[in-house]
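J.: With this note's numbering applied, the sequence shown has no gaps in its numbers, which climb one by one up to 386 at the end.
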Amino acid sequence: MNTSRKISNDLWYVGASDRRLALFENMMPIPSGTSYNSYVLIDEKTVLLDTVDQAVGAQFMENLTAVLAGRVLDYIVVHHVEPDHLASLTEVLVRWPNAVIVCSLQASRFMKQFMDIPEHVQFQIVKEGDSLNTGKHTLSFVGAQMVHWPEVLVSYDTTDKVLFSADAFGTFGALNGNLYADEVNFDREWMYEARRYYTNIVGKYGMQVQNLLKKAATLDIAMICPLHGPIWRKDFGKFIEKYDKWSRYEPEDKEVLVIYGSMYGHTESVATVLSGMLADKGCRNVRMYDVSATHVSYLVSESFRCSHIVLVAPTYNGGLYPPMENYLLDIKAHLLQNRTFTVIENGSWAPVSGNAVKAILGEMKNTTVLEPAITFKSAMKETQRAELEALADAIVASLF
Ligand code: FEO
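1) Enumerate, from N- to C-terminal direction, the unbroken alpha helix (DSSP H) stretches of 4 or more residues contained entirely within the stretch -8 to 72.
2) What's the C-alpha gap between A372 and P69?
3) Please give the ranges of any alpha helix (DSSP H) in the stretch 86 to 166, keeping only runs that are unbroken, at least 4 residues long and fully inside the region.
4) Return the CA-CA distance between K318 and T353, expressed in angstroms with no decimal places.
5) Rounded to the nearest angstrom, what separates D230 and A202 at their Cα positions?
6) Unbroken alpha helix (DSSP H) runs of length 4 or more, entirely within the stretch 224 to 295: which are they?
7) Look up A359 in the DSSP assignment and say whether it is helix, strand or coil.
8) Distance check for R81 and H65, CA to CA, integer angstroms please.
9) Say the cut is 7 Å; is the CB of I245 nearer than that to a heavy atom of the ligand FEO?
10) If you draw a straight line from the C-alpha of T51 to the C-alpha of S24, how long is it?
11) I want to check one thing, is the minimum distance from the CB of D153 to the heavy atoms of the ligand FEO below 7 Å?
12) Please list, in chain order, all residues of the same chain as G43 whose beta carbon is under 7 Å from its beta carbon, the five residues on each side excluded.
13) Between H65 and the ligand FEO, is the CB less than 7 Å from at least one heavy atom?
14) Please look up how many angstroms separate the CB atoms of M274 and Y246, rounded, as I've assumed it's under 8 Å.
15) Can you tell me the Cα-Cα spacing of V26 and T32, whole angstroms?
16) Work out the CA separation of I295 and C269 for me, nearest whole Å.
17) Just checking my contact of A41 with D4 at CB under 8 Å: how many whole Å lie between their CB atoms?
18) What does the Cβ neighbour count give for A8, buried or exposed, with the cut at 16 atoms within 10 Å?
19) So Q131 and V138 are in contact, right, with Cβ under 8 Å, and what is the actual spacing, rounded?
20) With a CB to CB cut of under 8 Å and the five nearest residues on each side skipped, what residues in its chain are close to K147?
21) Using DSSP's beta-bridge definition, name the partner residues of R325.
22) Can you give me the start and stop residues for the beta strand (DSSP E) that M209 sits inside?
23) What's the gap between the Cα of M(-13) and the Cα of V0?
24) Which partner residues of Y302 appear in the DSSP bridge assignment?
25) Report the rounded CA-to-CA distance for M310 versus V277, giving the unit in angstroms.
26) If you check the beta carbons only, do P216 and N164 fall under 8 Å apart?
27) Out of D29, S18 and I62, state which residue places its alpha-carbon closest to the alpha-carbon of D36.
28) Assuming S(-10) and N49 are in contact, meaning their beta carbons sit under 8 Å apart, how far apart are those beta carbons, in whole angstroms?
29) Can you give the Cα-Cα distance for T144 and A154, rounded to whole angstroms?
30) In this structure, does DSSP put N332 in helix, strand or coil?
31) Could you tell me which of Y235, Q45, S364 and A345 sits nearest to G192, measuring between CA atoms?
32) Using 8 Å as the threshold, is the C-beta distance between A265 and V256 below it?
33) When the Cα atoms are used, what is the spatial distance from P308 to V298?
34) Looking at the unbroken alpha helix (DSSP H) that takes in K344, where does it start and where does it end?
Okay, structure coming up:
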C-alpha cells in the first residue's frame, strides 16, 4: 500500500521506517527503530531527493511510483551516499534509466565504489553555489563536507524555503504517523535519541557542523527535511541551539555522570556511595551507568550532555578493564572535550587502571582531572570514606 505523505503543494514524503533493525550501522541499538527519509518534488521536472535503505526499498518504490503517477523521473539528487540512503538507487535506475543523478564529484566516485552504475546513466556534478532549476523551484546546493561523510551536500529550495539537510538534524526513531517534530513531544520522547544519533554519528565532526550552521544561518528556512526522523516546520531554533552546543562540545547540563565497571560489585558499591554523597551535597540528576551493561552509544551521548564525569574502574590483565577502555577510546574518537573528570581505580594486587584512564584523558582536549584520585584494593574499607568525601567535595566545588 502506498504510504507516501504530501508535505506541500509540490513536495512528498516517500521514505519509510524500519522497526525490525536491531543495530544501526550494525553497532548502535535502535529500540525505537529508524526512518529513512526520501522526498519527491513534483514540478515541471520531477526530482527524487535521496533513496532509502534496502530494508524498506519495496515500500519506497511503491511510494515513489504512486507519487510520480505515471510521470518520468527526471532527476535524482543524492546528498549523501551512505547505503542507508543510497541502497535503493539501483532499483530506481532500473525503473527510470534516464534519470540524471545530481551529486557532488566525490559522491559520484563513492557511488561507483558501492555499486555498478550502468554506463548510460548521466551525472550532473554540482558543488556549493550551483543550483538546479526544476520549473517553479530551484534547489541551491550547499557544501556540508563531513556531516557526516566527505561528499555530503545539502540543498535549499529557494521557492518554498525548504532545507534538505541530509544527516544533519536527524534522529533515531521510526516515524509513527506524525511526520512533523511539532506533532510529537520532541523534548520528552525524541531529544534523548536525537542526541544519541548526533553524538555517535556526527559527534566527531563538530567543526564541520559549525560550518554548516553558519551557512544555514544565512538562509531563510521554513522547513528542514532531514534523512532520519521527523520534519521540522516550526520552533526549530531550540534544536539548532542543541546542535550548536553539541558541535562546540559544550555540556548541556552541569550534572554528574558516574560510569563504573565492576566484576563482583565492590567497585559498584564505591560508585554508589560516591553518588549518594554527591546527592547529599546538593547534586541533582546524578546518573550512574554500568559500563558493561550499557551500550557505549548511550554513554557517548550522556558524556556529551554532562559537564562532570566520574570514572570508577578496576584493573584487568595489568591494564584497564576492557569495557571502560572501549568507552574512553570512543569518547576520545568523538573528540569529546571541555569536561571535568574524576578517577577512582581498583586493583587487587597492582592497581594501574587509574593511570591508564588518565593516559587516555591526557590525549583529549581541554579535560580537567580533579584531585584527589583514589586508589583502593579489592573492596573499599570504611577507613577510606573520608577520601571519598573529599572527592565529592572537590566535584561539588567545581560544579557550583
Ligand atoms: Fe544516515 Fe550517514 O547516513
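Heads up, the beta-carbon is just placed ideally off N, CA and C, and yes, glycines get one too.
T.: Straight from the coordinates:
1) Within the stretch -8 to 72, the complete alpha helix (DSSP H) runs of at least 4 residues are 43 to 54 and 69 to 72.
2) Within the sequence shown, numbered from 1, the residue matching residue 372 stands at position 386. Within the sequence shown, numbered from 1, the residue matching residue 69 stands at position 83. Distance between the alpha carbons of A372 and P69: 54 Å.
3) As far as the stretch 86 to 166 is concerned, its whole alpha helix (DSSP H) runs of at least 4 residues are 91 to 100.
4) What you label residue 318 is simply residue 332 of the sequence shown in a count that begins at 1. What you label residue 353 is simply residue 367 of the sequence shown in a count that begins at 1. So the two alpha carbons sit approximately 11 Å from each other.
5) The residue labelled residue 230 in the question sits at position 244 within the sequence shown. The residue labelled residue 202 in the question sits at position 216 within the sequence shown. Between D230 and A202, the C-alpha separation is close to 12 Å.
6) Secondary structure remark: continuous alpha helix (DSSP H) runs of at least 4 residues inside the stretch 224 to 295, in chain order: 252 to 266 and 282 to 291.
7) On the sequence shown, position 373 is the one that residue 359 refers to. Judged by DSSP in its simplified three-state form, A359 adopts coil rather than helix or strand.
8) Numbered from 1 along the sequence shown, position 79 holds the residue referred to as residue 65. Numbered from 1 along the sequence shown, position 95 holds the residue referred to as residue 81. Between H65 and R81, the C-alpha separation is close to 21 Å.
9) Residue mapping note: residue 245 aligns to position 259 of the sequence shown, counting from 1. Distances between the C-beta of I245 and the heavy atoms of the ligand FEO are all 7 Å or more.
10) The count along the sequence shown starts at 1 and reaches residue 51 at position 65. The count along the sequence shown starts at 1 and reaches residue 24 at position 38. Those two C-alpha atoms are separated by around 13 Å.
11) For the purposes of this step, residue 153 is taken as residue 167 along the sequence shown, with counting starting at 1. Indeed, a heavy atom of the ligand FEO lies less than 7 Å from the Cβ.
12) Here the question's residue 43 lines up with position 57 in the sequence shown. The residues are A73, S74 and E77.
13) Looking up residue 65 in the sequence shown gives position 79. H65: no, Cβ never under 7 Å from the ligand FEO.
14) The residue you call residue 274 lines up with position 288 of the sequence shown. The residue you call residue 246 lines up with position 260 of the sequence shown. Sure, about 7 Å apart at Cβ, within 8 Å.
15) Mapped onto the sequence shown, residue 26 falls at position 40. Mapped onto the sequence shown, residue 32 falls at position 46. Going by the C-alpha atoms only, they are around 7 Å apart.
16) Taking the sequence shown and counting its residues from 1, the one referred to as residue 269 is at position 283. Taking the sequence shown and counting its residues from 1, the one referred to as residue 295 is at position 309. Note on geometry: alpha-carbon atoms of C269 and I295 lie some 13 Å from one another.
17) In the sequence shown, the residue the question calls residue 41 occupies position 55. In the sequence shown, the residue the question calls residue 4 occupies position 18. Approximately 5 Å separates the beta-carbon atoms of A41 and D4; this is inside 8 Å, confirming the contact.
18) Counting from one through the sequence shown, the residue named residue 8 turns up at place 22. Exposed: under 16 other Cβ atoms inside 10 Å.
19) Within the sequence shown, numbered from 1, the residue matching residue 131 stands at position 145. Within the sequence shown, numbered from 1, the residue matching residue 138 stands at position 152. Right, the Cβ-Cβ distance comes to about 6 Å (below 8 Å), so this counts as a contact.
20) By one-based count along the sequence shown, residue 147 stands at place 161. Cβ within range, chain order: L205, D206, I207, A208 and M209.
21) For the purposes of this step, residue 325 is identified with residue 339 of the sequence shown, where counting begins at 1. Beta-bridge pairing by DSSP links R325 to T353.
22) In the sequence shown, counting from the first residue as 1, residue 209 sits at position 223. Per DSSP, M209 belongs to the beta strand (DSSP E) from M209 to P212.
23) Position 1 of the sequence shown, counting from 1, holds the residue named residue -13. Position 14 of the sequence shown, counting from 1, holds the residue named residue 0. Taking the straight line from one Cα to the other gives about 12 Å.
24) Stepping through the sequence shown from its first residue, residue 302 is reached at position 316. Beta-bridge pairing links Y302 to G305.
25) Start at 1 with the first residue of the sequence shown, and residue 310 comes out as number 324. Start at 1 with the first residue of the sequence shown, and residue 277 comes out as number 291. Straight-line Cα distance between these residues: approximately 6 Å.
26) On the sequence shown, position 230 is the one that residue 216 refers to. On the sequence shown, position 178 is the one that residue 164 refers to. Yes, these two residues count as a Cβ contact at 8 Å.
27) Residue 36 sits at position 50 when you count from the first residue of the sequence shown. Comparing Cα positions, the closest option is I62.
28) Against the sequence shown, residue -10 aligns to sequence position 4. Against the sequence shown, residue 49 aligns to sequence position 63. So it is a contact: roughly 4 Å between Cβ atoms.
29) Stepping through the sequence shown from its first residue, residue 144 is reached at position 158. Stepping through the sequence shown from its first residue, residue 154 is reached at position 168. Spanning the two alpha carbons is a distance of roughly 19 Å.
30) In the sequence shown, the residue the question calls residue 332 occupies position 346. In the structure shown, N332 sits in a strand (DSSP, three-state: E or B).
31) Locating residue 192 in the sequence shown gives position 206, counting from the first residue. With distances taken between Cα atoms, G192 lies closest to Y235.
32) By one-based count along the sequence shown, residue 265 stands at place 279. By one-based count along the sequence shown, residue 256 stands at place 270. Contact: no.
33) Position 322 of the sequence shown, counted from the first residue, corresponds to residue 308. Position 312 of the sequence shown, counted from the first residue, corresponds to residue 298. Straight-line Cα distance between these residues: approximately 13 Å.
34) Sequence index remark: in the sequence shown, residue 344 carries index 358 (1-based). Per DSSP, K344 belongs to the alpha helix (DSSP H) from S339 to L347.
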